Amino acid sequence: MISITSIYAGACLALLAIMGVTITRAILGPSAFDRVMAVNMFGTKTVLLLSLLGFLSGRPDFLDISLVYALVNFLSTIAILRFFEGRTPAATDNDTADAPSTTEE
Amino acid sequence: MDLVIDIVLLTFLGIIALAINRIDKLFCVIMLSGLYSLLCASLFVTMDAVDVAFTEAAVGTGIATVLLLSTIGATDTHQRSAPHRPLLALLVVCTTGAILIYGTMDMPAFGDPEAPVHQHVAPRYLEESQQEVGPPNIVTSILGSYRGIDTLGEVVVIFTAGLSVVGLIGFRGMQKYGDRQRAAGITKDDMDEHLVLRVVIKIFIPLILLFALYVQFHGDYGPGGGFQAGVIFASGFIFYTLMFGLDKGMRVIAPRVLGYIGSLGVLLYGGVGITTMLLGGNFLDYDVLMHDPLHGQHLGIFLIELGIGITVFSIMLLIFFAFSSRKGLRQ
Amino acid sequence: MESILNFISALCIGLGVFLGITGAVGIVRLPNFFTRLHAASVTDSGCAFLILSGLMLQSGFSIPTLKLLFILVFLLITSPTASHALAKTALDCGAEPTPHPYEER
Chain A
0 MISITSIYAG ACLALLAIMG VTITRAILGP SAFDRVMAVN MFGTKTVLLL
50 SLLGFLSGRP DFLDISLVYA LVNFLSTIAI LRFFEGRTPA ATDNDTADAP
100 STTEE
Chain B
0 MDLVIDIVLL TFLGIIALAI NRIDKLFCVI MLSGLYSLLC ASLFVTMDAV
50 DVAFTEAAVG TGIATVLLLS TIGATDTHQR SAPHRPLLAL LVVCTTGAIL
100 IYGTMDMPAF GDPEAPVHQH VAPRYLEESQ QEVGPPNIVT SILGSYRGID
150 TLGEVVVIFT AGLSVVGLIG FRGMQKYGDR QRAAGITKDD MDEHLVLRVV
200 IKIFIPLILL FALYVQFHGD YGPGGGFQAG VIFASGFIFY TLMFGLDKGM
250 RVIAPRVLGY IGSLGVLLYG GVGITTMLLG GNFLDYDVLM HDPLHGQHLG
300 IFLIELGIGI TVFSIMLLIF FAFSSRKGLR Q
Chain C
0 MESILNFISA LCIGLGVFLG ITGAVGIVRL PNFFTRLHAA SVTDSGCAFL
50 ILSGLMLQSG FSIPTLKLLF ILVFLLITSP TASHALAKTA LDCGAEPTPH
100 PYEER
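Chains as they are written, first to last, in numbering that gives the first Met the number 0: chain A, 0 to 104; chain B, 0 to 330; chain C, 0 to 104.
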């Protein structure tokens, strides 16, 4: 039977792969909203990665940090959305915060 | 396994740094820099520096992103391209970097127990901290007791940052925000139509503040302490302000009051030092605070962490209010 | 007993990783912002829930389990809220949730 630590290790590697994909979406994302979504997802994955790392190394102190990451991730997402609030739908077309266009890719 | 994680995280860091450099839409750059902070914090965690990771996450991803976003609300959102190609600067930077890398060849290996930095004070801190100072979290005992004066310097630096911002923008300038909004005819300043968000945030703000208090007082036993607690406490208020508008946020707690609170924190810290001198010890020598050195240390660290938390909270919130009140000044 | 617990934990974490990889494939391949947002929220809710439950089973009745429960509750409440807020803002800013982006309208 495979030991539980190797399961943790495998899950960590898979999470790192997912984080890599998220970064590509954050860099590529044709619209600003894609990037916001990618950053939010990256934060959640970091929370999971840190919890797994904590269990992998046998130190449950890391869970405090995971909680803080979840919190600041939410905070930065809401702050970014607040930034979009002031823009009317017409202003986002030629404005620099580019809205997602209707024809993608 | 650790090596693989480190290599992958550092690769991500490099990719994001390159992307930050190449993209000129400042908004995307800010989001990517939030990602960068998260990655740095993860690297700190893999290096077992838990307190530092805590602070990096709270400040770098949370507060810094929010402050930078308020800033580009008041400036351009595109980076202007440089009028010339800075080849000479590139040459200088590469040469300096190469010399620095060459200099690091002589340094001891990472984590080497024979390294000089691990020989003099570090073993004493690690071995004597429990008997001399008390808290199980040695980072807190070093920060609060052994290197208390350095921490006083850090708190004063944060306070000075707040002073500079107030000096530049001013309390009157912050209060003029409401007048400007009314003059421009903008009556809606908040995210009121986001009903789901409003309810959820209203539920979470007290829990966030409670968590901040937990982090403050649990700093002796686990990762935490005054800096992180102050930042998280400020985040609670920032949530409220983001949701309900800057006017209401500044009415909940006025910027002038924040100025007083910030000064109070620094006064508390310095006051502890003066008290110990008056009681016969050195500056910030907590042994003399109570009948027993260990209790004295405990009280001393408790008080200065409180001072740190108070100052960091008020200055972070003050800077956020100051930057946000500049919105709408661009035109 | 312990090997059963390990097995269930491994199952939960494995399923969580599978959902995470599905979500990651989704945010790269799907055509529209709103569809990608849905893929991201699959990872935020399903993957996070399963991985954290797997970890909770591993740590028994102790303080880390309580902290993991807090993290789980926080993620389960804030991730969907953030996705909702993001979708609402994108809609207000003019993005169109076209169901078949390759069709001519």
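Where a beta carbon is used, it is the ideal one built from N, C-alpha and C, also for glycine.
Given the structure is predicted, the values throughout are model-derived calculations rather than measurements.
Between G53(C) and I12(C), is the Cβ-Cβ spacing less than 8 Å? yes
Are D219(B) and P292(B) touching if we call contact CB-CB under 8 Å? no
Since H217(B) meets chain C, which of its residues come closer than 9 Å, beta carbon to beta carbon? At a beta-carbon threshold of 9 Å, none of the residues of chain C lie near H217(B); the nearest stands roughly 11 Å away.
Secondary structure at K326(B), three-state DSSP: helix, strand or coil? coil
Own chain, CB closer than 7 Å to A57(B), minus 5 neighbours either side, in chain order: Q227, V230 and I231
Using a beta-carbon distance below 8 Å, is F69(C) in contact with chain A? Interface criterion met: the Cβ of F69(C) is under 8 Å from a Cβ in chain A.
So which residues on chain B does F82(A) lean against when the C-beta distance must stay under 7 Å? L68 and G72
Per DSSP, the bridge partner or partners of K24(B): H77(B)
Based on Cα-Cα distance, which residue from L8(B), F319(B), V214(B) and P205(B) lies nearest to P254(B)? Answer by Cα proximity: F319(B).
List, in chain order, every chain C residue whose beta-carbon is nearer than 8 Å to that of L196(B). Within 8 Å Cβ-Cβ: T80, H83 and A84.
Can you give me the C-alpha to C-alpha distance between E1(C) and L283(B), rounded to a whole angstrom? 52 Å
Could you check the C-alpha separation between G235(B) and M104(B) for me, to the nearest Å? 46 Å
Between the beta-carbon of D47(B) and the beta-carbon of P222(B), is there less than 8 Å? no
Hey, would you say the C-beta of G280(B) is under 7 Å away from at least one heavy atom of the ligand NAD? Within the structure as shown, the ligand NAD is missing, as the structure has no ligands at all.
Taking the alpha carbon of T45(B) as the point to measure from, which residue in L208(B), I314(B) and I4(B) has its own alpha carbon closest? Taking the Cα of T45(B) as reference, the smallest distance to any Cα among L208(B), I314(B) and I4(B) is reached at I4(B).
Chain-ordered neighbours of M18(A) on chain B, where CB pairs are closer than 8 Å: F11
Which same chain residues, not among the five before or five after L67(B), have their C-beta less than 7 Å away from its C-beta? Short of 7 Å from the beta carbon of L67(B), and not among the five residues preceding or following it, lie these beta carbons of its own chain, in chain order: I29.
Within-8 Å CB hit, V373(B) to chain C: A query on residue 373(B) cannot be resolved here, the shown segment of chain B reaching from 0 to 330 and no further.
Taking its Cβ as the centre, do 16 or more other Cβ atoms sit within 10 Å of F11(B), making it buried, or is it exposed? Around the beta-carbon of F11(B), 16 or more other beta-carbon atoms lie within 10 Å, marking it buried.
At least one CB of chain A closer than 8 Å to the CB of V8(C): is that the case? It should be noted that the sequence gives Ser, not Val, for residue 8(C). Yes, because at least one Cβ of chain A sits closer than 8 Å to the Cβ of S8(C).
Which of the three DSSP states, helix, strand or coil, is assigned to A108(B)? coil
Helix, strand or coil at S11(C) according to DSSP, with G and I counted as helix: Reading off the sequence, residue 11(C) comes out as Cys, not Ser. If DSSP states are grouped into helix, strand and coil, C11(C) belongs with the helices.
Report the three-state DSSP secondary structure of P63(C) (helix, strand or coil). helix
Interface residues of the stretch 31 to 45 of chain C facing chain B [CB-CB below 7 Å]: Within the stretch 31 to 45 of chain C, no residue qualifies.
By the criterion of Cβ-Cβ separation under 8 Å, what are the contact partners of I77(A) in chain C? A81 and A84
Using a C-beta cutoff of 8 Å, does F48(C) count as contacting chain A? no
Proximity test, Cβ basis, 8 Å: G19(C) and chain A: Yes - at least one Cβ of chain A is within 8 Å of the one on G19(C).
Completely contained alpha helix (DSSP H) runs for the stretch 17 to 90 of chain A, where each covers 4 or more residues: 31 to 55 and 61 to 84
Verify the CB distance criterion: does P107(B) have a CB-CB separation below 8 Å to chain A? no
Run down chain C in chain order and give the residues with a C-beta less than 8 Å from the C-beta of H117(B). The contacting residues do not exist; H117(B) stays about 30 Å from chain C at best.
For chain B, find out if any of its Cβ atoms is closer than 8 Å to the Cβ of T77(C); answer yes or no. yes
Using 8 Å as the limit for Cβ to Cβ distance, is K66(C) near chain B? Not one beta carbon of chain B lies nearer than 8 Å to the beta carbon of K66(C).
I need the straight-line Cα distance from K24(B) to H77(B), nearest angstrom please. Their Cα atoms are separated by approximately 5 Å.
What is the rounded straight-line gap between the Cα of S40(C) and the Cα of P82(B)? 43 Å
F65(B): which of D60(A), D63(A), F73(A) and S65(A) sits nearest, CA to CA? Note on identity: in this sequence residue 65(B) is Val, with Phe being the wrong assignment. Residue nearest to V65(B) within the set D60(A), D63(A), F73(A) and S65(A) is F73(A) (criterion: CA-CA distance).
Nearest to L48(A) by CA position, among S5(A), A10(A), L27(A) and S2(A), is which residue? A10(A)
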